[in-house]
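Here is the structure we will look at.
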């Protein structure tokens, strides 16, 4: 089955800890994206990567970091510097230059 | 003012009704328009994709774009309880390139 997987589905962390969210795709897409979704709000772009070993900040990159060492993988680290990390995190991918983005199932992060 | 506006709802309709979901936008450079369906606690699923103005039909769903009014619509015919979800519009083009700008989503409830 081709698709995007995110793990874990639910994640709980204490304040002050860094946490890494996994995103893997087997669609052979070049571009990958991380979004954050808060209740009643649309998706806000955190980081994106159009090609391996390259990535750019989105609208709300502060307190987050990413890496893109493999085409299939785009992990997101939520650092202790992120002021309000509790949210639903969504990973997406697309063909290079493509507008159609396909999303994973999401990871719900709760920080207490 | 947000770049893409969408009534959050909830919109409650009886089963079998025709549903109209809408978005307005301010960036006249947008050329690609998408509708995503998101079930509770799941990732968004791409429903419809339209380029420029006009209509596109897929089964019970029709997407309509009016670039002159900066207004897009999604119509759902013969609505079913399984259509109950949040519907997100997204668009791209112009200076934004292929990066998507999302509306906040409209929550739809179809009652049996």
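Chains as they are written, first to last, in the numbering used here: chain A, 1 to 112; chain B, 1001 to 1112.
Idealized CB from N, CA, C, for every residue including glycine.
Exercise for review: Step through the CB atoms of chain B and report whether any lies within less than 9 Å of the CB of residue 6(A).
Suggested key: Counted from its first residue, the first chain places residue 6(A) at position 6. Answer yes: the Cβ-Cβ gap between residue 6(A) and chain B drops below 9 Å somewhere.
Review point. Do the segment 1076 to 1088 of chain B and the segment 92 to 105 of chain A make contact, defined as three or more Cβ pairs closer than 8 Å?
Key: No, they do not touch.
Review point. Of all the CB atoms in chain B, is at least one closer than 9 Å to the CB of residue 36(A)?
Key: Taking the first chain and counting its residues from 1, the one referred to as residue 36(A) is at position 36. No, its Cβ sits nowhere closer than 9 Å to a Cβ of chain B.
Review point. Residue 1082(B) by DSSP, collapsed to three states: which one?
Key: Residue mapping note: residue 1082(B) aligns to position 82 of the second chain, counting from 1. DSSP places residue 1082(B) in the helix class (H, G or I) of the three-state scheme.
Check your understanding: Looking only at C-alpha atoms, which of 1010(B), 1006(B), 1004(B) and 1047(B) sits nearest to residue 1110(B)?
Key -> The count along the second chain starts at 1 and reaches residue 1110(B) at position 110. Comparing alpha-carbon positions, the option among 1010(B), 1006(B), 1004(B) and 1047(B) lying closest to residue 1110(B) turns out to be 1010(B).
Review point. Taking all protein chains shown into account, do 16 or more other C-beta atoms lie within 10 angstroms of the C-beta of residue 1018(B), making it buried, or fewer, making it exposed?
Key: By one-based count along the second chain, residue 1018(B) stands at place 18. The C-beta of residue 1018(B) has fewer than 16 other C-beta atoms within 10 Å across all chains shown, which makes the residue exposed.
Practice item. Taking all protein chains shown into account, decide if residue 51(A) is buried (16 or more other Cβ within 10 angstroms of its Cβ) or exposed. Key: What you label residue 51(A) is simply residue 51 of the first chain in a count that begins at 1. Classification of residue 51(A): exposed, given that the 10 Å Cβ count is below 16.
Review point. Does the beta carbon of residue 11(A) sit closer than 9 Å to a beta carbon anywhere in chain D?
Key: In the displayed structure, chain D is absent; the protein chains listed are A and B.
Check your understanding: Quick one: what does DSSP say residue 1055(B) is sitting in, helix, strand or coil?
Key -> By 1-based counting over the second chain, the position of residue 1055(B) is 55. It is a strand residue.
Check your understanding: Quick one: is residue 74(A) near chain B, going by C-beta distance under 9 Å?
Key -> The residue labelled residue 74(A) in the question sits at position 74 within the first chain. Under the 9 Å criterion on CB atoms, residue 74(A) is classed as non-interfacial with respect to chain B.
Check your understanding: Thinking C-alpha only, which one of 1061(B), 1036(B) and 1071(B) is nearest residue 1085(B)?
Key -> Counting from one through the second chain, the residue named residue 1085(B) turns up at place 85. It is 1036(B) whose Cα lies nearest to the Cα of residue 1085(B).
Point to revise | Contact check, residue 100(A) vs residue 1025(B), beta carbons under 9 Å | key: Looking up residue 100(A) in the first chain gives position 100. Looking up residue 1025(B) in the second chain gives position 25. No, they are not a contact pair.
Check your understanding: What is the rounded straight-line gap between the Cα of residue 1074(B) and the Cα of residue 1008(B)?
Key -> Here residue 1074(B) corresponds to residue number 74 of the second chain, with the count starting at 1. Here residue 1008(B) corresponds to residue number 8 of the second chain, with the count starting at 1. Each residue's alpha carbon lies about 15 Å from the other.
Practice item. Check whether the Cβ atoms of residue 1072(B) and residue 1089(B) sit closer than 9 Å, and answer yes or no. Key: Residue mapping note: residue 1072(B) aligns to position 72 of the second chain, counting from 1. Residue mapping note: residue 1089(B) aligns to position 89 of the second chain, counting from 1. Yes; because the gap between Cβ atoms is below 9 Å, this pair is in contact.
Exercise for review: Note down, in chain order, every chain A residue with its Cβ under 8 Å from the Cβ of residue 1092(B).
Suggested key: As a working mapping, residue 1092(B) is identified with position 92 in the second chain. What residue 1092(B) touches in chain A: 99.
Point to revise | Residue nearest to residue 1005(B) in terms of C-alpha spacing, selected from 1112(B), 1028(B), 1102(B) and 1107(B) | key: Residue mapping note: residue 1005(B) aligns to position 5 of the second chain, counting from 1. Shortest Cα-Cα distance from residue 1005(B) to any of 1112(B), 1028(B), 1102(B) and 1107(B) involves 1102(B).
Review point. What span of residues does the beta strand (DSSP E) with residue 1014(B) cover, start to end?
Key: Residue numbering aside, residue 1014(B) sits at position 14 when the second chain is read from its first letter. Segment 1011 to 1014, the beta strand (DSSP E) holding residue 1014(B).
Point to revise | C-beta atoms of residue 1031(B) and residue 1052(B) nearer than 9 Å | key: Working through the second chain from its first residue, we reach residue 1031(B) at position 31. Working through the second chain from its first residue, we reach residue 1052(B) at position 52. It is a contact, given that the beta carbons lie within the stated cut-off.
**Study point:** As assigned by DSSP and simplified to three states, the class of residue 1022(B)
**Key:** Reading the second chain from its first residue, position 22 is the one you call residue 1022(B). Strand.
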